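Numbering (my numbering), first residue to last: 386 to 559. Every residue, glycine too, gets a C-beta built ideally from N, C-alpha and C. In this text, all values refer to a predicted model and were calculated from it rather than measured experimentally. Take a look at the structure below.
Shown next, in the form of structure tokens:
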């Protein structure tokens with residue numbers, strides 16, 4: 386998915402990306418081929434060619450943070466295919482819905498085929514060091530619920546990237 390997007394380039398939004406796809410630039414390689422033939426001239430496409438070159442270097446270095454810093458939060462899901470081995474799937478349970486009043490009772494984290502449950506009063510304080518091994522955190526409805534609770538409870542909790550599956554799944558009709 387990552388190599389099929391242009392949306393991480395400055396000035397490229399969903400409509401421009403769709404027009405690039407319609408023009409035959411379905412991925413970075415396709416864009417380079419069309420651009421090299423001179424079919425996409427101009428400063429905008431020169432800039433895009435440059436960001437694609439930088440993207441390929443970042444991908445070769447497995448630099449997920451480079452992409453996370455450039456992709457809008459609604460498009461972070463595109464990281465998952467390339468960086469799934471660096472992902473921790475996280476869900477929390479709380480005493481209520483207010484992150485200012487209520488507390489986290491359980492954090493479940495699934496990564497590398499294993500699930501660990503961190504329990505309030507038992508081993509909850511181990512969560513930050515365990516999750517920090519995974520720069521990509523995946524949640525469902527986490528942008529509005531899990532992540533604010535976690536950030537309040539664990540001040541240093543700041544993954545390189547976060548994917549909230551709720552929004553892309555909703556766009557797909559789920």
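- Can you give the Cα-Cα distance for residue 509 and residue 535, rounded to whole angstroms? 11 angstroms
- Message: Please identify the residue among 499, 431, 420 whose C-alpha is closest to the C-alpha of residue 395.
- Response: 431
- May I ask which residues mark the beginning and end of the alpha helix (DSSP H) holding residue 516? 512-516
- Task: Would you mind working out which of 551, 440, 513 sits nearest residue 412, comparing C-alpha positions?
- Result: For the set 551, 440, 513, the Cα lying nearest the Cα of residue 412 is the one of 440.
- Using 10 angstroms around the beta-carbon of residue 500, count the other beta-carbons present and answer buried if the total reaches 16, otherwise exposed. That one is exposed.
- Item | residue 484, DSSP secondary structure in three states | coil
- Query: Below 7 angstroms between beta carbons: does that hold for residue 523 and residue 472?
  - Reply: yes
- Which residues DSSP lists as bridging residue 478, in chain order: For residue 478, which the question treats as bridged, DSSP gives the partners 491.
- Item | Spatial distance of residue 331 from residue 532 (CA atoms) | As shown, the chain starts at 386 and ends at 559. That puts residue 331 outside it, with no answer to give.
- What span of residues does the alpha helix (DSSP H) with residue 456 cover, start to end? Element bounds for residue 456: n/a, residue is neither H nor E.
- Message: I'd like to confirm the pairing. Which residues does DSSP put opposite residue 524 in its beta bridges?
- Response: 549
- If residue 449 and residue 546 are in contact, beta carbons under 8 angstroms, what's the gap, nearest whole angstrom? 6 angstroms
- Message: If you follow the beta strand (DSSP E) that residue 501 is in, where does it begin and where does it stop?
- Response: 499-504
- Among 468, 422, 421, nearest to residue 443 - alpha-carbon criterion: 468
- Message: Relative to the C-alpha of residue 528, which candidate in 465, 419, 476, 387 has its C-alpha closest?
- Response: Out of 465, 419, 476, 387, 476 has the C-alpha closest to the C-alpha of residue 528.
- Roughly how far, in whole angstroms, is the beta-carbon of residue 390 from the beta-carbon of residue 463, given that I think they are within contact range, below 8 angstroms? 5 angstroms
- With DSSP as the reference, label residue 410 as helix, strand or coil. Note: residue 410 maps to coil in three-state DSSP.
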